[in-house]
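There are 2 protein chains.
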Amino acid sequence: MNITIKDVAKAANVSVATVSRVLNNKNNVSEEAARAVNRAVEDLGYSPNFLGRDLRKSETKRILAIVGTTQQSFYTDVLRGMQDAAYAEGYDVLIATTRDNADHEMHLLGMLFSRAVDGVVLLAPKLDSKTISDLSKRFQLAICLERLDVNDILCVTIDNERAGFDATSYLIAKGRKRIGLITTKVRSQSSVDRENGYRRALKEAGIPYDEKLVYYGDYDADTGTKGCEELMNLESKPDAIFSISDTISIGAMTYAVRHGITVGKDLLFFGFDNITYSHMFIPRLSTVEQPCYLQGKTVVEKLIANMKTDTPDKSTYMLPHSLILRESTGD
Amino acid sequence: MNITIKDVAKAANVSVATVSRVLNNKNNVSEEAARAVNRAVEDLGYSPNFLGRDLRKSETKRILAIVGTTQQSFYTDVLRGMQDAAYAEGYDVLIATTRDNADHEMHLLGMLFSRAVDGVVLLAPKLDSKTISDLSKRFQLAICLERLDVNDILCVTIDNERAGFDATSYLIAKGRKRIGLITTKVRSQSSVDRENGYRRALKEAGIPYDEKLVYYGDYDADTGTKGCEELMNLESKPDAIFSISDTISIGAMTYAVRHGITVGKDLLFFGFDNITYSHMFIPRLSTVEQPCYLQGKTVVEKLIANMKTDTPDKSTYMLPHSLILRESTGD
DNA sequence: CAACATAATCTAATCGTTTTCAATAGGCAA
DNA sequence: TTGCCTATTGAAAACGATTAGATTATGTTG
Numbered sequence: 104m105n106i107t108i109k110d111v112a113k114a115a116n117v118s119v120a121t122v123s124r125v126l127n128n129k130n131n132v133s134e135e136a137a138r139a140v141n142r143a144v145e146d147l148g149y150s151p152n153f154l155g156r157d158l159r160k161s162e163t164k165r166i167l168a169i170v171g172t173t174q175q176s177f178y179t180d181v182l183r184g185m186q187d188a189a190y191a192e193g194y195d196v197l198i199a200t201t202r203d204n205a206d207h208e209m210h211l212l213g214m215l216f217s218r219a220v221d222g223v224v225l226l227a228p229k230l231d232s233k234t235i236s237d238l239s240k241r242f243q244l245a246i247c248l249e250r251l252d253v254n255d256i257l258c259v260t261i262d263n264e265r266a267g268f269d270a271t272s273y274l275i276a277k278g279r280k281r282i283g284l285i286t287t288k289v290r291s292q293s294s295v296d297r298e299n300g301y302r303r304a305l306k307e308a309g310i311p312y313d314e315k316l317v318y319y320g321d322y323d324a325d326t327g328t329k330g331c332e333e334l335m336n337l338e339s340k341p342d343a344i345f346s347i348s349d350t351i352s353i354g355a356m357t358y359a360v361r362h363g364i365t366v367g368k369d370l371l372f373f374g375f376d377n378i379t380y381s382h383m384f385i386p387r388l389s390t391v392e393q394p395c396y397l398q399g400k401t402v403v404e405k406l407i408a409n410m411k412t413d414t415p416d417k418s419t420y421m422l423p424h425s426l427i428l429r430e431s432t433g434d
Numbered sequence: 104m105n106i107t108i109k110d111v112a113k114a115a116n117v118s119v120a121t122v123s124r125v126l127n128n129k130n131n132v133s134e135e136a137a138r139a140v141n142r143a144v145e146d147l148g149y150s151p152n153f154l155g156r157d158l159r160k161s162e163t164k165r166i167l168a169i170v171g172t173t174q175q176s177f178y179t180d181v182l183r184g185m186q187d188a189a190y191a192e193g194y195d196v197l198i199a200t201t202r203d204n205a206d207h208e209m210h211l212l213g214m215l216f217s218r219a220v221d222g223v224v225l226l227a228p229k230l231d232s233k234t235i236s237d238l239s240k241r242f243q244l245a246i247c248l249e250r251l252d253v254n255d256i257l258c259v260t261i262d263n264e265r266a267g268f269d270a271t272s273y274l275i276a277k278g279r280k281r282i283g284l285i286t287t288k289v290r291s292q293s294s295v296d297r298e299n300g301y302r303r304a305l306k307e308a309g310i311p312y313d314e315k316l317v318y319y320g321d322y323d324a325d326t327g328t329k330g331c332e333e334l335m336n337l338e339s340k341p342d343a344i345f346s347i348s349d350t351i352s353i354g355a356m357t358y359a360v361r362h363g364i365t366v367g368k369d370l371l372f373f374g375f376d377n378i379t380y381s382h383m384f385i386p387r388l389s390t391v392e393q394p395c396y397l398q399g400k401t402v403v404e405k406l407i408a409n410m411k412t413d414t415p416d417k418s419t420y421m422l423p424h425s426l427i428l429r430e431s432t433g434d
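Protein chains in written order, with our numbering: chain D, 104 to 434; chain S, 104 to 434.
See below:
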């Protein structure tokens with residue numbers, strides 16, 4: 104039914120080997136044969152079946168990016184970086200979502216075990232680090248935007264502890280003494296790191312840590328709104344709030360603005376990620392920017408390099424972040 | 104080097120055929136053999152190579168969703184719908200981005216020609232409709248969230264003309280007479296349809312169409328800001344602005360708020376898509392909601408059904424939309 | 001002109017599965 | 001015992017490409 108390389112060979116009056124050579128622009132083929140093959144390909148509307156090719160070559164030239172959800176808009180830049188690096192080496196990048204479910208993440212990793220892709224980049228691993236670390240011994244696997252609490256896997260991220268420290272320290276430098284934190288119940292390593300940075304900043308400034316000032320929720324705007332409400336209902340209210348994502352921060356600011364609190368003065372806000380809306384929202388949100396594009400590009404470059412060697416690079420790379428200061432911190 | 108079905112067969116002391124039967128839970132295999140095979144699989148850590156399987160079966164059980172960018176946050180729900188429908192039938196959904204480039208869209212469609220996936224759903228086709236329509240004759244291809252100006256391809260969307268009409272009519276019903284439109288230079292069918300709906304609403308209300316009130320830009324918040332600025336600098340300013348996306352609307356509202364214009368009174372805004380931030384932004388944005396999850400679910404269900412039949416469904420399905428009224432229209 | 005290198009081509013093996021078809025073993029009825 | 005049916009099993013042929021190695025044709029050199 105389908106047109107195969109055999110049909111092309113017959114039509115062009117050559118062997119399948121010759122067709123294959125033409126299609127892969129190998130040098131040792133006469134112009135005449137090439138012409139005949141190309142005409143046959145054209146006439147028949149042939150396009151090679153990659154299942155055959157991939158099986159024979161034992162490679163697919165495809166990399167899978169596994170994300171929790173496509174909701175996080177800053178993934179866009181990460182993926183762009185991944186694609187640019189991939190295309191430069193003749194690879195395609197596919198994306199799949201786990202919907203933050205570890206079982207499903209494992210299911211998708213099945214594409215790696217079953218050789219349907221050559222490598223995988225995990226953008227928000229849900230599986231425990233032991234499992235991931237074990238798998239990375241047998242397969243081409245890397246982490247991006249996160250890190251594991253083990254260090255035997257290729258990993259490109261930022262120094263989230265330092266970033267949390269920097270953001271909190273900035274609020275302290277602005278004279279704030281009671282700084283709230285809104286973070287996630289789910290303990291991703293980056294959340295933990297950011298929280299640790301927050302604590303260290305307090306400590307180094309001699310401000311006692313107050314667990315009442317920390318609100319744990321989900322990774323969404325609603326959490327910000329609820330978190331802000333709860334913190335502002337404390338006897339001793341915060342004078343600044345650091346959130347581990349802009350989405351949360353915006354939700355939190357929404358509460359503040361709607362309750363007549365002057366953001367940037369009565370209450371400062373610091374977010375994380377520098378999403379598009381963070382400078383759209385009124386007031387504009389101060390935030391930590393991470394090099395999304397560069398992280399994506401780097402992780403794929405390193406991963407592809409690993410595919411070509413038998414002494415794979417299992418380092419953790421921490422790229423530099425920066426603070427973006429806007430109205431929400433009175434700048 | 105790699106463990107294949109042969110190794111398992113040898114370890115279990117059976118033939119490869121038996122291993123295959125066990126792995127695919129065929130009935131005609133003795134319990135004893137099954138046990139032996141399962142133990143061998145376990146011992147060797149074997150997982151089948153899908154390249155072999157897919158080649159033999161001529162199917163991959165994978166569907167590719169091709170999007171322009173993952174930036175559009177409402178895709179998340181569409182993809183969720185697609186996944187639910189797919190998993191129910193044993194398929195996986197992969198995502199790839201074209202970065203709004205037609206050539207790259209064609210490149211990704213190569214995965215369909217080369218049988219690396221069983222079907223494709225285009226979420227924002229850039230290729231011309233003739234090309235797509237031709238391809239859909241030979242491959243399993245469907246469109247979602249958009250439609251083509253031909254109707255011989257499976258297509259699940261909403262009635263964008265009607266939606267544009269409804270939104271504009273609502274603004275007219277609110278007593279507005281000079282209604283601006285911010286839309287995209289790039290003429291996707293949905294943009295054209297929404298604009299046509301806008302025009303028809305004006306016409307039916309006896310309001311003359313004024314091309315000065317229409318601003319063409321990109322699909323981003325900046326366009327909204329610039330568009331709003333331009334429209335508000337007109338001699339005869341608009342008293343309401345309909346944008347073909349919430350992202351644009353939010354950008355436009357930002358301009359208004361920053362320039363002391365009372366949104367919901369001096370100037371009404373109507374958006375499109377009901378993205379998360381549309382009710383986060385202050386004031387809250389009125390918008391057209393489309394059934395994202397349902398569209399995704401439907402298109403994949405129909406596509407998979409098409410794979411099973413030789414009389415494929417090439418209909419266009421238009422699912423119902425609704426208006427969400429919030430502060431930006433004074434509700 | 002023999003001998004040999006080179007270029008172009010073909011034949012057939014190979015990748016790892018699934019599946020057809022034939023073969024075997026065991027049970028049961030006649 | 002013989003014949004027949006059924007349940008398991010295995011050998012081998014697909015699937016569609018790439019590629020190593022054999023083969024042929026062509027040109028070059030001594």
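Backbone N, C-alpha and C fix where the C-beta goes; we use that ideal spot for every residue, glycine too.
Per-residue DSSP class, three states only, for residue i
i, result
"residue 144 (chain S)", "helix"
"residue 373 (chain S)", "strand"
"residue 123 (chain S)", "helix"
"residue 222 (chain D)", "strand"
"residue 294 (chain S)", "helix"
"residue 216 (chain S)", "helix"
"residue 433 (chain S)", "coil"
"residue 227 (chain D)", "coil"
"residue 245 (chain D)", "strand"
"residue 278 (chain D)", "coil"
"residue 422 (chain S)", "strand"
"residue 344 (chain S)", "strand"
"residue 155 (chain S)", "helix"
"residue 181 (chain D)", "helix"
"residue 283 (chain S)", "strand"
"residue 260 (chain D)", "strand"
"residue 60 (chain D)", "Any property of residue 60 (chain D) remains undetermined from this structure, which presents chain D solely from 104 to 434."
"residue 427 (chain D)", "strand"
Buried or exposed by the 16-neighbour rule on C-beta atoms within 10 Å, applied to residue i
i, result
"residue 430 (chain S)", "buried"
"residue 167 (chain S)", "buried"
"residue 138 (chain S)", "exposed"
"residue 159 (chain D)", "exposed"
"residue 135 (chain D)", "exposed"
"residue 151 (chain S)", "buried"
"residue 336 (chain D)", "exposed"
First and last residue of the uninterrupted alpha helix (DSSP H) at residue i
i, result
"residue 384 (chain D)", "That residue, residue 384 (chain D), is in no alpha helix (DSSP H); it is neither H nor E in DSSP."
"residue 358 (chain S)", "349 to 361"
"residue 197 (chain D)", "It is not in any alpha helix (DSSP H) - residue 197 (chain D) instead sits in the beta strand (DSSP E) that spans 195 to 200."
"residue 326 (chain S)", "324 to 335"
"residue 392 (chain D)", "Here residue 392 (chain D) belongs to no alpha helix (DSSP H); instead the beta strand (DSSP E) covers 389 to 392."
"residue 320 (chain D)", "Counting along the chain, residue 320 (chain D) falls outside any alpha helix (DSSP H), though it belongs to the beta strand (DSSP E) covering 317 to 320."
"residue 407 (chain S)", "395 to 410"
Supposed close pair residue i, residue j - CB separation, criterion 8 Å
i, j, result
"residue 350 (chain D)", "residue 323 (chain D)", "6 Å"
"residue 226 (chain S)", "residue 169 (chain S)", "7 Å"
"residue 232 (chain D)", "residue 251 (chain D)", "4 Å"
"residue 287 (chain S)", "residue 320 (chain S)", "7 Å"
"residue 305 (chain D)", "residue 283 (chain D)", "11 Å between Cβ atoms; not a contact."
"residue 422 (chain S)", "residue 406 (chain S)", "Actually they are not in contact, since the Cβ atoms of residue 422 (chain S) and residue 406 (chain S) sit about 15 Å apart, beyond 8 Å."
Limits of the unbroken beta strand (DSSP E) element including residue i
i, result
"residue 111 (chain D)", "Counting along the chain, residue 111 (chain D) falls outside any beta strand (DSSP E), though it belongs to the alpha helix (DSSP H) covering 108 to 115."
"residue 165 (chain D)", "165 to 170"
Requested in this report: Please list the residues of the stretch 359 to 379 of chain D that have a C-beta atom closer than 9 Å to any C-beta atom in chain S, keeping them in chain order.
Outcome: Cβ proximity to chain S below 9 Å picks out 360, 361, 379 from the stretch 359 to 379 of chain D.
Requested in this report: Residues of the stretch 240 to 253 of chain D with a CB closer than 7 Å to any CB of chain S: list them in chain order, please.
Outcome: Taken residue by residue, none of the stretch 240 to 253 of chain D has a beta-carbon sitting less than 7 Å from a beta-carbon on chain S.
Requested in this report: Please list the residues of the stretch 130 to 164 of chain D that have a C-beta atom closer than 7 Å to any C-beta atom in chain S, keeping them in chain order.
Outcome: Residues of the stretch 130 to 164 of chain D with a C-beta atom less than 7 Å from some C-beta of chain S are 150, 151, 152, 153, 154, 155, 157, 158, listed in chain order.
Requested in this report: Please name the residues in the stretch 271 to 291 of chain D whose beta-carbon is closer than 7 Å to at least one beta-carbon of chain S, in chain order.
Outcome: When C-beta distances to chain S are compared with 7 Å, every residue of the stretch 271 to 291 of chain D stays at or above that value.
Report task. Output, in sequence order along the chain, the residues in the stretch 171 to 183 of chain D whose CB is closer than 8 Å to any CB in chain S. Result -> Residues 172, 173, 174, 176, 178, 179, 182, 183.
Query raised in the report: What residues in the stretch 322 to 335 of chain S have a beta carbon less than 7 Å from any beta carbon of chain D?
Result: In summary, the residues of the stretch 322 to 335 of chain S whose CB is separated from some CB of chain D by less than 7 Å are 324, in the order they occur in the chain.
Report task. May I ask you to list, following chain order, the residues of the stretch 340 to 360 of chain S that have a beta carbon less than 7 Å from some beta carbon of chain D? Result -> Going along the stretch 340 to 360 of chain S in chain order, one finds 353, 354, 357, 360 with a Cβ nearer than 7 Å to chain D.
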